[in-house]
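Enquirer: For the record, the sequence lines run as chains A and B. So that you can map any letter, position 226 of the first sequence is 381 in this note's numbering, and since no number is skipped, the others follow by simple counting. So that you can map any letter, position 154 of the second sequence is 135 in this note's numbering, and since no number is skipped, the others follow by simple counting. For every residue, glycine included, the Cβ atom is placed at its ideal position computed from N, Cα and C. Shown below is the structure under consideration.
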Amino acid sequence: MLYPQRVSRRGFLRLAGMTGGVTLLAACVPAGMQAPDQAPAAAAPPKINLSDPKEVGKALEAEGAEVSISSWGWSGLAETHFIPKFAEHTKQLYGTAVKLNWVTGVFDKALAELPVAGKTIKDIGLDVVDKEEESFDAAMALNWYEPIDMDAYKPLLPNLTDVEEPYIFKGTEENGGVVYGTVYQGYEWLQAVLRKDKLDVNKFKDWTDLADPDLRGKMVDYPFNDSRGHYVFGGFVNELVNKGIVPGPLWSQPAWEGALKWWKDNSMEQQIHKWGDIGNDPTIRLMLQSGEVLAGCTWGVYTRELLGTDWNQRDDVLAPFYPKSGILVDRETMSAVRGAAHPVAARILINWMLSTEVNTAGWYKEAPEDKEAVNHWNVTQAQFLVAYCGGVRAETRKLIPDWAKAYHPADPGSLSLKVDWPWHNKNAEWISKSYEKIVLGK
Amino acid sequence: MDTSIPHPRPWLARNGSTLLLLAPLLIFMLGVFAMPMIFQFAFAFFDRVFYKNVIWIPKPAFYLGNFAKAFTDPTYLYSIAWTVGIASVTTSANILLALPVAYFLARTKVWGRSLIEISFLLPIFGEIFTIYALAYALTPQGPLNWLLLKLHLIHTPIELVGSSWAVIIWMSLPTLSVLLIRSAFSGVDVLYEEAAQTMGASALQTFFKVTVPLAKNGIAGAFLLSFSGGVGAYTLPLILVGPYNDWLTNKIQREVDPYFNFPMASALGVILTVICGILFYFYLRTQEPGGER
């Protein structure tokens, strides 16, 4: 017999003691964590001339005619349109159809886990990262990105040169490149959508109007342990600072503490029907459709998509809510992964994502003077509204369909509030825990 | 005649086949349980640094600060006490509810007994569906409130979803414990009960002074199983109470995402493991002869 029939208390204690010993030993031995500074070198730019489409085609073939991007769901557009259209695009321009691998939901996990394992984003096979700008500084600190516009790749990036300056993120020059990130959709922010048939929307001018008794138990918002919840709440903080109700400046702990007290004193918890993501959760969307929920705080793209859904087109019950004191922007930003396996395809993809074709989901005018925009990709209005966020190039704005203009505020720039990312990075945990302490009393 | 003492067969020859049979499970347990546990324990002693003022990353160190924080910060301390307290209460309720049913199943030959027994396993299969079903049942518009209103026991619907009561109700529901205790009761010879009653013991006295003590091994096992499930509950509080519940498992998840605080999450995980280890120690005590001392 190998062991006594039953584990005795003594045996258990012995085993626990041994485990504890091994554990302590393991804890004392520093793990082989790689310092994030020692990230792989940038991919050596190819020696070939990438102005020549034939040479580009060869380079794509040499890379394996494949590229992987980490992005968001685009409400299904990625699978139905982006993947086949990108293959068509590369086939047409360079004679090689490039397979686009569309990966979602990995970036935050990667940011939390890869540094612990001493690995970088390259190690999970990505070539391009598309993520809200909130994560850009962290990825840069970990050396995950390389300049998109290194000299050798510049011929592949005509659209990048047209991108307006506020949408470009620059860093240290490497092989002639300085652009480490580019916003590609335009403004993108955390606003709200209201049921105008059940609420008097004229009462809702600014964030704090969401405390209205008509919204008791009727709101959906992102929770406070989610950065999106912070950015929605940031709109409240900004308004309260502007009105002198809480001390400023906006990006300071006293301002957020004061605003959390305001949230508690005004019983804002009772306004919440459910914490969650009305953009992506079909159950919560159904609550909005049925009238169980009357207000949802969400991204601008999802607000517009909801406005464009067939049921709202039929019933016309939703209204966008643009709080007059401003809305915090957190824009989708693309970057090239340092040392990635498909650097040429990555640049082609980035350039394509900046094109009017992608920005408008294929629904655009051939020329600015055209009366009608052509729906090249045969998408729905809702799909167009998910894709288009105001654009980052002047050309794109001139080419969008006329009907779409009604879905965007006249002057998004006047409402856009920039987040102080270093402050937020440092205080994100503090905000979440302060909410638990001040509002929930924990 | 050969009078020499025969050499015992070598250890490997005696136990080789047993080892071979055990090897797949041992290797599996080593890979998927022991190694991650060792990593978790090691991480619990790590520190963390705010790298380049942008991102928190763990820093290898022998640092006891996470454990110190867990037992000094009121938030963590409350969470530990809450988790253990609720698990103790619901486990006790669970066992108390299971005892009569298990006894009935063990001693009575009722039609459809196996169907009744299987029904206790149902909540375990597809827990997520049953949790959502419960969430619906407990809503203000759900069947429970409808029934209570119709019976005029309440005048306004009770808000159970979103409160800890929904979790407490669910965790008190006996499932596997009924089957474990039924098994233990089946192993108690009915002659002992008859002897006690012949000597004047009432039915209740017989049950609590004869049957239950004789079935204590099985009852202790059911208690251990239920308690471990209680302290380890994650999905249940998340769905029924919401993201800001006080259960330690959910706090651990919040330490990982969004705070990137793996060391603190690991330390809290170690504390949970130690709590279960202590309970297991006491469980072993009930399994030893004379263990009631």
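Within this structure, are the beta carbons of tyrosine 477(A) and proline 564(A) separated by less than 9 Å?
Expert: Indexing the first sequence from 1 puts residue 477(A) at position 322. Indexing the first sequence from 1 puts residue 564(A) at position 409. Contact flag set, yes.
Enquirer: If we define contact as Cβ-Cβ less than 9 Å, is phenylalanine 167(A) a contact residue for chain B?
Expert: Residue numbering aside, residue 167(A) sits at position 12 when the first sequence is read from its first letter. Output row for phenylalanine 167(A): interface = yes.
Enquirer: Measuring only between beta-carbons, confirm whether glycine 258(B) sits less than 9 Å from chain A.
Expert: Walking along the second sequence from the start, residue 258(B) turns up at place 277. Interface residue, yes.
Enquirer: Could you compute how far the alpha carbon of lysine 588(A) sits from the alpha carbon of glutamate 424(A)?
Expert: Here residue 588(A) refers to the residue found at position 433 of the first sequence. Here residue 424(A) refers to the residue found at position 269 of the first sequence. Straight-line Cα distance between these residues: approximately 16 Å.
Enquirer: Report the neighbours of asparagine 380(A) on chain B: residues whose CB is nearer than 9 Å to its CB, in chain order.
Expert: Taking the first residue of the first sequence as 1, we reach residue 380(A) at position 225. Residues of chain B passing the Cβ test: Pro224, Tyr225, Arg235, Asp238, Pro239, Tyr240.
Enquirer: Give, in chain order, every unbroken run of the alpha helix (DSSP H) that is at least 4 residues long and sits entirely within the region 555 to 582 of chain A.
Expert: Entirely contained in the region 555 to 582 of chain A, the alpha helix (DSSP H) runs reaching 4 residues are, in chain order, 567 to 570.
Enquirer: Taking C-beta pairs closer than 7 Å, name the residues in chain A that proline 39(B) reaches, listed in chain order.
Expert: Along the second sequence, read from residue 1 onward, the residue named residue 39(B) stands at position 58. Val271, listed in chain order.
Enquirer: Would you identify the three-state DSSP class for leucine 473(A), choosing helix, strand or coil?
Expert: In the first sequence, the residue the question calls residue 473(A) occupies position 318. Strand.
Enquirer: Pick from Pro155(B), Gly258(B), Leu134(B): whose alpha carbon is nearest that of proline 81(B)?
Expert: By 1-based counting over the second sequence, the position of residue 81(B) is 100. Nearest option by C-alpha distance: Pro155(B).
Enquirer: Below 8 Å between beta carbons is the criterion; list the residues of the region 566 to 587 of chain A that meet it against any residue of chain B, in chain order.
Expert: Within the region 566 to 587 of chain A, the residues whose Cβ lies closer than 8 Å to some Cβ of chain B are Pro577, Asn580, Lys581, Ala583, Glu584, Ser587, listed in chain order.
Enquirer: Note down, in chain order, each residue of its chain lying with its Cβ closer than 8 Å to the Cβ of alanine 25(B), except the 5 sequence neighbours on either side.
Expert: Looking up residue 25(B) in the second sequence gives position 44. Counting only Cβ-Cβ distances below 8 Å, and skipping sequence neighbours, we find Asn47, Phe48, Pro244, Ser247, Ala248, Gly250, Val251.
Enquirer: So the alpha helix (DSSP H) phenylalanine 27(B) belongs to, where does it begin and stop?
Expert: The residue labelled residue 27(B) in the question sits at position 46 within the second sequence. Where phenylalanine 27(B) is concerned, there is no enclosing alpha helix (DSSP H), given that its DSSP letter is neither H nor E.
Enquirer: In terms of residue numbering, what span does the alpha helix (DSSP H) encompassing valine 283(A) cover?
Expert: Here residue 283(A) refers to the residue found at position 128 of the first sequence. Element bounds for valine 283(A): not the alpha helix (DSSP H) but the beta strand (DSSP E), 283 to 287.
Enquirer: Which same chain residues, not among the five before or five after glutamate 343(A), have their C-beta less than 7 Å away from its C-beta?
Expert: As a position in the first sequence, residue 343(A) is number 188, starting the count at 1. So the list reads Trp454, Gly455, Val456, Val484, Asp485, Arg486, Glu487, Cys544, once near-sequence residues are dropped.
Enquirer: Should leucine 157(A) be flagged as near chain B, meaning a C-beta pair shorter than 9 Å?
Expert: As a working mapping, residue 157(A) is identified with position 2 in the first sequence. In this prediction, leucine 157(A) scores a pLDDT of 47, lower than 50, which makes its location untrustworthy; the coordinate-derived value is nonetheless stated afterwards. Yes, contact with chain B.
Enquirer: Can you pull the chain B neighbours of glutamate 490(A), defined as C-beta to C-beta under 8 Å?
Expert: Sequence index remark: in the first sequence, residue 490(A) carries index 335 (1-based). In the sequence as displayed, the identity of residue 490(A) is serine instead of glutamate. Near serine 490(A) there are no residues of chain B at all, since even the closest Cβ is about 15 Å away, more than 8 Å.
Enquirer: What is the DSSP secondary structure of glutamine 189(A), counted as helix, strand or coil?
Expert: Taking the first sequence and counting its residues from 1, the one referred to as residue 189(A) is at position 34. At glutamine 189(A) the pLDDT is 49, less than 50, meaning the model places this residue with poor confidence; the figure from the coordinates comes in the next sentence. Correct three-state label for glutamine 189(A): coil.
Enquirer: Could you give the distance in angstroms between the alpha-carbon of glutamine 189(A) and the alpha-carbon of alanine 296(A)?
Expert: As a first step, residue 189(A) is located in the first sequence; it is residue number 34 there, counting from the start. As a first step, residue 296(A) is located in the first sequence; it is residue number 141 there, counting from the start. With a pLDDT of 49 at glutamine 189(A), under the threshold of 50, the predicted position of this residue should be treated as unreliable, though the coordinate-derived value follows. Rounded to the nearest angstrom, the two C-alpha atoms are 14 Å apart.
Enquirer: Is there a Cβ of chain B sitting closer than 9 Å to that of arginine 164(A), yes or no?
Expert: Here the question's residue 164(A) lines up with position 9 in the first sequence. It does; some Cβ of chain B falls within 9 Å.
Enquirer: Using the Cα positions of threonine 148(B) and valine 222(B), report the straight-line distance between them to the nearest angstrom.
Expert: Translated into positions along the second sequence, residue 148(B) becomes position 167. Translated into positions along the second sequence, residue 222(B) becomes position 241. Note that residue 148(B) is valine in the sequence shown, not threonine. Each residue's alpha carbon lies about 7 Å from the other.
Enquirer: Chain B beta carbons: is any one of them nearer than 9 Å to that of valine 401(A)?
Expert: On the first sequence, position 246 is the one that residue 401(A) refers to. Output row for valine 401(A): interface = no.
Enquirer: Between the region 283 to 300 of chain A and the region 27 to 35 of chain B, do at least 3 Cβ pairs fall closer than 8 Å?
Expert: Counting Cβ pairs under 8 Å, three or more are found: they touch.
Enquirer: According to the Cβ coordinates, are aspartate 352(A) and isoleucine 427(A) closer than 9 Å?
Expert: Within the first sequence, residue 352(A) is the residue found at index 197, counting from 1. Within the first sequence, residue 427(A) is the residue found at index 272, counting from 1. Cβ atoms of aspartate 352(A) and isoleucine 427(A): not closer than 9 Å.
Enquirer: For a contact meaning CB atoms closer than 7 Å, what does threonine 178(A) contact in chain B?
Expert: Numbered from 1 along the first sequence, position 23 holds the residue referred to as residue 178(A). Within 7 Å Cβ-Cβ: Ile19, Phe22, Ala23.
Enquirer: Can you give me the start and stop residues for the beta strand (DSSP E) that asparagine 256(A) sits inside?
Expert: Along the first sequence, one-based indexing puts residue 256(A) at 101. Where asparagine 256(A) is concerned, the enclosing beta strand (DSSP E) stretches over 254 to 259.
Enquirer: For aspartate 263(A), go through chain B and note every residue whose CB falls closer than 9 Å to its CB, in chain order.
Expert: Taking the first residue of the first sequence as 1, we reach residue 263(A) at position 108. The contacting residues are Asp238, Pro239.
Enquirer: Does chain C have any CB closer than 9 Å to the CB of tyrosine 59(B)?
Expert: Going by chain labels, chain C is absent from the structure shown, which instead holds the protein chains A and B.
Enquirer: Which chain B residues are close to alanine 171(A), counting only those with a beta carbon under 7 Å from its beta carbon?
Expert: Translated into the one-based positions of the first sequence, residue 171(A) becomes position 16. Within chain B, the residues near alanine 171(A) are Gly258.
Enquirer: Sorted by chain position, which residues of the same chain lie with C-beta nearer than 6 Å to lysine 232(B)'s C-beta, five sequence neighbours on each side aside?
Expert: Counted from its first residue, the second sequence places residue 232(B) at position 251. Same-chain partners within the cutoff: Ser60.
Enquirer: In the DSSP assignment, find the unbroken beta strand (DSSP E) run with arginine 350(A) in it and report its ends.
Expert: Along the first sequence, one-based indexing puts residue 350(A) at 195. It spans 345 to 350 - the beta strand (DSSP E) in which arginine 350(A) sits, taken as one unbroken run.
Enquirer: Going along chain B, which residues have a C-beta under 7 Å from alanine 267(A)?
Expert: Within the first sequence, numbered from 1, the residue matching residue 267(A) stands at position 112. Residues of chain B passing the Cβ test: Val237, Asp238, Phe241.
Enquirer: Taking only the alpha-carbon atoms, compute the straight-line gap between valine 448(A) and proline 224(B) and give it to the nearest angstrom.
Expert: Stepping through the first sequence from its first residue, residue 448(A) is reached at position 293. Stepping through the second sequence from its first residue, residue 224(B) is reached at position 243. Looking at the two C-alpha atoms, the distance is approximately 19 Å.
Enquirer: Is valine 35(B) close to chain A, meaning its C-beta is less than 9 Å from at least one C-beta of that chain?
Expert: By one-based count along the second sequence, residue 35(B) stands at place 54. Output row for valine 35(B): interface = yes.
Enquirer: Using the Cα positions of proline 201(A) and alanine 496(A), report the straight-line distance between them to the nearest angstrom.
Expert: For the purposes of this step, residue 201(A) is identified with residue 46 of the first sequence, where counting begins at 1. For the purposes of this step, residue 496(A) is identified with residue 341 of the first sequence, where counting begins at 1. Near 12 Å, if we compare the C-alpha coordinates of alanine 496(A) and proline 201(A).
Enquirer: Between the beta-carbon of isoleucine 482(A) and the beta-carbon of leucine 572(A), is there less than 9 Å?
Expert: Along the first sequence, one-based indexing puts residue 482(A) at 327. Along the first sequence, one-based indexing puts residue 572(A) at 417. Cβ atoms of isoleucine 482(A) and leucine 572(A): closer than 9 Å.
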